[in-house]
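Trainee: Could you have a look at this structure, given as structure tokens, before my questions?
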Amino acid sequence: MASVPSLASSVNQRVSDALASALPEAGGADPLLRRSDRADFQANGILALAKKAKANPRELATTVVGSIPTGDLIKDIEVSGPGFLNITVSDRAIIETLAARAGDDRLGVPYAADAGTTVIDYAQPNVAKEMHVGHLRSAVIGAAMVEILEFTGEKVVRRHHIGDWGTQFGMLIQYLLEHPHELDHKSDAEVSGEEAMSNLNRLYKASRALFDSDEEFKTRARARVVDLQAGDEQTLALWQRFVDESKIYFYSVFDKLDMDIQDADVVGESGYNHMLVETCKLLEDSGVAVRSNGALCVFFDEYKGPDGNPTPLIVQKSDGGFGYAATDLSAIRDRVGNLKADTLIYVVDARQSLHFKMVFETARRAGWLNDGVKAVQLAFGTVLGKDGKPFKTREGETVRLVDLLDEAVERATSVVREKDKDRGFLSEQEIVENGLQVGIGAVKYADLSTSAARDYKFDLDQMVSLTGDTSVYLQYAYARIRSILRNAGDRSPVAHPELELAPAERALGLHLDQFGEVVTEAAAEHAPHKVAAYLYQLSSLFTTFYTECPVVKPEPELVVGENRLFLCDLTARTLSKGMSLLGIRTPERL
């Protein structure tokens with residue numbers, strides 16, 4: 110079905126038509142319509158147009174107002190200051206617009222006119238290594254952006270660029286070759302993620318100890334790296350065992366995070382090995398990269414290291430080995446050439462910004478990125494402890510992601526149980542299930558409600574709070590609405606455009622109308638925090654509405670009650686859809 114226009118777009122069109130009538134040479138000019146505290150909207154574009162036409166802005170604004178009909182869409186319009194227009198829409202227009210949205214499964218969110226193909230690189234753990242708190246943000250932010258972009262019509266290709274290659278595998282593979290049963294499982298039963306990680310940890314520690322103490326083993330391990338890079342069959346088979354064991358663990362962690370990771374989307378560093386030599390040749394033959402002391406480098410005047418000196422991008426080391434740059438550039442070639450991407454998004458720690466700036470610039474010089482293909486780093490900040498320092502355990506160790514998620518679920522389950530203690534609404538199974546959804550939702554929302562570029566403090570007490578800007582507050586708002594709808598008896602949600610709205614109804618209605626704009630903006634700017642901020646404001650406005658406008662008790666007049674139930678229902682649907690775009694579930698009962 111066709112997209113449902115928002116109130117903002119309808120008002121914008123009305124003002125734009127009036128501008129074209131009053132000032133024909135300004136046809137198609139942007140009225141610069143904005144939401145306003147003084148009225149529902151304010152049009153700010155007349156000042157610039159008047160200046161361009163050498164006209165008096167207030168006189169032009171008065172002329173424009175005179176040609177805008179009021180009644181159906183616009184209730185009132187007035188000239189303010191030197192030529193601003195303050196516009197109030199009618200109550201009828203609010204409810205009619207929302208009713209049209211309610212009949213649309215997409216809730217009025219338009220498909221992007223210029224939708225294309227985006228490859229998004231996120232959730233990139235390392236093989237044979239434990240996932241820690243530093244892996245959280247890439248996974249959570251990336252998964253939300255996938256949902257938001259797909260909902261706006263973009264074709265999204267997921268890529269999990271896992272660290273599955275490098276010199277450390279020589280040590281691990283050689284040890285496994287000499288101790289062949291170290292990765293064996295105790296039984297044929299399905300292996301847990303914890304067991305898989307335990308196996309890997311044990312083997313890593315043992316091989317590291319031997320590598321550090323036994324020179325002969327160290328020599329054999331280094332030779333094994335050469336065998337791995339040369340594609341030796343036995344060496345690759347043992348390497349694959351490490352990858353497979355790690356995937357059991359990775360997928361168990363992603364499952365805790367309520368994230369769906371498909372095997373086909375996991376294309377690690379090794380997936381581009383066959384392209385590295387050709388990538389280097391293309392860069393060298395084109396003059397983009399040059400040899401310097403035996404290494405293949407790309408030089409930049411604009412990018413400098415911490416010492417202020419220009420920093421080269423080393424594509425191939427002097428010993429012939431390939432660095433991250435060669436792999437990342439080969440991945441760009443694959444994603445643009447084979448996957449036909451228009452946009453590449455890298456959800457990667459902000460501390461890697463210099464590397465990606467140089468990689469993207471190199472790809473532009475080589476012609477792999479151009480006006481039709483853009484690459485962006487969705488850079489994220491650091492997860493901090495309550496003390497404002499990087500999040501560590503009391504012993505100073507990096508926090509295991511599994512421990513962090515388990516604690517969040519445990520804390521949330523306690524909150525759900527305590528809240529239900531005097532009511533007894535929930536079964537034990539519901540308490541456990543809701544605790545899981547609330548705990549994981551709390552972790553995700555704390556991350557996503559902060560602009561990705563900013564650091565944020567990981568404070569579980571705050572995250573699972575029933576008040577304030579938390580996912581729990583949003584989930585309880587949703588559950589409350591579902592309860593209201595269940596207890597409405599024989600009354601149903603019905604829109605009544607003929608009614609005059611109370612201030613809290615108007616405020617809620619106007620905010621509901623913005624959902625499509627916010628999702629569109631979040632997709633275009635790669636900013637999931639804008640969706641989170643919108644949902645928090647929606648929940649707050651609903652709380653005010655519910656306090657000031659009786660829905661079920663005391664029972665209002667029939668049409669008033671039906672209209673309020675309609676606003677409740679649309680709020681619940683918007684909350685549910687918005688939360689799902691952030692990867693957060695909304696329990697029906699809490």
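Sequential numbering of the sequence shown, starting at 110, is according to my numbering. Cβ atoms here follow ideal geometry from the backbone N, Cα and C, with glycine treated the same way.
1. Would L621 and T695 qualify as a contact pair, given that the criterion is a beta-carbon distance under 8 Å?
2. Who does I257 pair with in a DSSP beta bridge?
3. What's the C-alpha gap between T653 and E614?
4. Apart from the five residues on each side of it in sequence, which residues of its chain come closer than 7 Å, Cβ to Cβ, to R246?
5. Would you call V668 buried or exposed, if buried means 16 or more other Cβ atoms sit within 10 Å of its Cβ?
6. Which runs of the beta strand (DSSP E), 3 residues or longer, sit entirely within the stretch 546-628?
7. Go through its chain and collect everything with a Cβ distance to T89's Cβ below 8 Å, but skip five positions before and after it.
8. Between the Cα of Q343 and those of R474, I282, Q151 and L128, spot the shortest distance and give me the residue it belongs to.
9. Does the distance between the C-beta of G243 and the nearest non-hydrogen atom of the ligand COA fall short of 7 Å?
10. Could you tell me which residues DSSP puts in a beta bridge with Q425?
11. Starting from A152, trace the beta strand (DSSP E) in both directions and tell me its first and last residue.
12. Fully enclosed by the stretch 210-260, which alpha helix (DSSP H) runs are 4 residues long or longer?
13. What is the C-beta distance between A404 and K426, in whole angstroms, given that I count them as a contact (C-beta under 8 Å)?
14. What does the Cβ neighbour count give for V223, buried or exposed, with the cut at 16 atoms within 10 Å?
15. Starting from the C-beta of S379, find all residues in its chain whose C-beta is less than 6 Å away, skip the five residues before and the five after it, and write them out in chain order.
16. Would you kindly check if the distance between the Cβ of L644 and the Cβ of G687 is under 8 Å?
17. With DSSP as the reference, label L448 as helix, strand or coil.
18. Rounded C-beta distance between T261 and A632? I'm assuming under 8 Å.
19. With distances taken between CB atoms, is the gap from L182 to I155 smaller than 8 Å?
20. For the putative contact between L366 and I229, defined by C-beta atoms under 8 Å, what is the C-beta separation to the nearest angstrom?
21. So what's R144 in DSSP terms, helix, strand or just coil?
22. Identify the residues that DSSP records as bridge partners of K501: which are they?
23. Assuming contact is defined by CB atoms lying nearer than 8 Å, are H638 and A551 in contact in what I supplied?
24. Between the beta-carbon of L422 and the beta-carbon of M368, is there less than 8 Å?
25. With R682 and L392 assumed to form a contact (beta carbons below 8 Å), what rounded beta-carbon distance in angstroms separates them?
26. Once you ignore the five residues that flank Q486 on each side, which residues in its own chain have a CB closer than 7 Å to its CB?
27. Using DSSP with H/G/I as helix, E/B as strand and the rest coil, what is E299?
28. List, from N- to C-terminal side, the alpha helix (DSSP H) runs of 4 residues or more that fit wholly inside the stretch 314-345.
29. Just verifying my parser: in three-state terms, what is the DSSP assignment at D531?
30. If you check the beta carbons only, do T83 and P140 fall under 8 Å apart?
31. Going by C-alpha distance, which of H383, A117, A440 and L610 is nearest W477?
32. So, for Y284: in the same chain, excluding its five sequence neighbours on each side, which residues have a beta-carbon less than 6 Å away from its beta-carbon?
Mentor: Let me spell this out:
1. No, these two residues do not count as a Cβ contact at 8 Å.
2. Its beta-bridge partners do not exist; DSSP assigns none.
3. Their Cα atoms are separated by approximately 9 Å.
4. Take R246, set aside five residues on each side of it, and the residues of its chain with a beta-carbon closer than 7 Å to its own are F489, V492 and D556, in chain order.
5. Exposed, by the Cβ-count rule.
6. none
7. Any answer about residue 89 is impossible in this case: the structure gives the chain only from 110 up to 699.
8. Answer by Cα proximity: I282.
9. Absence of the ligand COA is noted for the structure shown, with no ligands found whatsoever.
10. L405 and F431
11. F150 to A152
12. 245-260
13. 6 Å
14. According to the sequence shown, residue 223 is Asp rather than Val. Under this definition D223 is an exposed residue.
15. D273 and W274
16. yes
17. coil
18. 4 Å
19. At a Cβ-Cβ threshold of 8 Å, L182 and I155 do not count as neighbours.
20. Wrong, their Cβ atoms sit about 16 Å apart, outside the cutoff.
21. strand
22. In the DSSP output, where bridge partners are listed per residue, K501 has T507.
23. no
24. no
25. Not really, about 51 Å apart at Cβ, beyond 8 Å.
26. Taking C-beta separations shorter than 7 Å and ignoring five residues to either side along the sequence, the partners of Q486 in its chain run Y455, V457, S462 and F465, following chain order.
27. coil
28. 324-339
29. coil
30. The structure shown does not extend to residue 83, since the chain is modelled only from 110 through 699, so no value can be given for it.
31. A440
32. By the criterion of a C-beta distance shorter than 6 Å, Y284 is surrounded in its chain by S316, once the five residues flanking it on both sides are discounted.
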